[in-house]
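Asks:
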Amino acid sequence: MSVLKYLSGYSADLQSQVQRLIDTNQLGLWLEQRYPPQPRHLIQTDAALYDYTQRLKQRFMRSSDPLSKVYFDTRMHVIDNALGQHQFVSRVQGSKLKRKNEIKVSALFKRLPEPLLRMVVVHELAHLREKEHNRAFYQLCQHMEPDYHQLELDLRLFLTAGGL
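Structure below.
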């Protein structure tokens, strides 16, 4: 039995189901059925990612602090235990304190299905309001993406299958 490190927080029943799919070489096929191979999504540049993120923010979090930068990070990888990151940068300019909010997303999402990219962007946007991974944070994620928890599981399955 292989170690399912990306699924450690899930139930033993779910882990055993995934393990059966791995043992029978079916996990990749299952993911392919769920996310059929298709042309890559159109969000391939930093500018496209910024626009995509801004549209989601405008729709669901209009009153939140503005984003100064959103970009794909080619150095970010699952090895770092992060596929997306938010940063809050504060600088003193004269007598004023300037805050900047930045989001970076692993460049690996350029080749994954768009719903998985949306899940990561939603996750990072939610950190604009909720800094911790608490109940309010996950409620906000689900408000922006009703399938948030399923997409998070699917992303973990992609990681388990070696899809990244």
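Mapping the sequence shown onto full-length UniProt numbering, position 76 (from 1) lands on 76, and the numbers just tick up by one.
Ideal Cβ placement from N, Cα and C applies to all residues, glycine included.
When we look at the beta-carbon of THR24 and count the other beta-carbons within 10 Å, is it buried (16 or more) or exposed?
Replies: Exposed: under 16 other Cβ atoms inside 10 Å.
Asks: Around the C-beta of SER106, are 16 or more other C-beta atoms found within 10 angstroms, so that it is buried, or is it exposed?
Replies: So SER106 counts as buried.
Asks: Use the C-beta contact count for LYS104: other C-beta atoms within 10 angstroms, 16 or more gives buried, fewer gives exposed.
Replies: LYS104 comes out buried.
Asks: So which of GLU114, HIS86, TYR35 has the shortest CA-CA distance to LEU125?
Replies: Nearest of GLU114, HIS86, TYR35 to LEU125, Cα basis: HIS86.
Asks: Verify whether the separation of the beta carbon atoms of LEU4 and GLN26 is less than 8 Å.
Replies: No.
Asks: What residue does the alpha helix (DSSP H) around PHE137 start on, and which one ends it?
Replies: That run of the alpha helix (DSSP H) goes 135-144.
Asks: Starting from the Cα of HIS41, find the closest Cα among LEU7, PRO113, GLY94, VAL92 and give me that residue.
Replies: Of LEU7, PRO113, GLY94, VAL92, the residue nearest in Cα terms is PRO113.
Asks: Look at the alpha carbon of LEU21 and the alpha carbon of PRO37, and state the distance between them as a whole number of angstroms.
Replies: Distance between the alpha carbons of LEU21 and PRO37 is about 19 Å.
Asks: Pull up the distance between the alpha-carbon of ILE43 and that of GLU102, whole angstroms please.
Replies: If I take the Cα positions, the gap works out to 18 Å.
Asks: Pull up the distance between the alpha-carbon of ALA161 and that of LEU155, whole angstroms please.
Replies: Straight-line Cα distance between these residues: approximately 10 Å.
Asks: My assumption, with CB atoms under 8 Å, is that LEU56 sits in contact with MET119. Please give the rounded CB distance.
Replies: Rounded, the Cβ-Cβ distance is 11 Å, inconsistent with contact.
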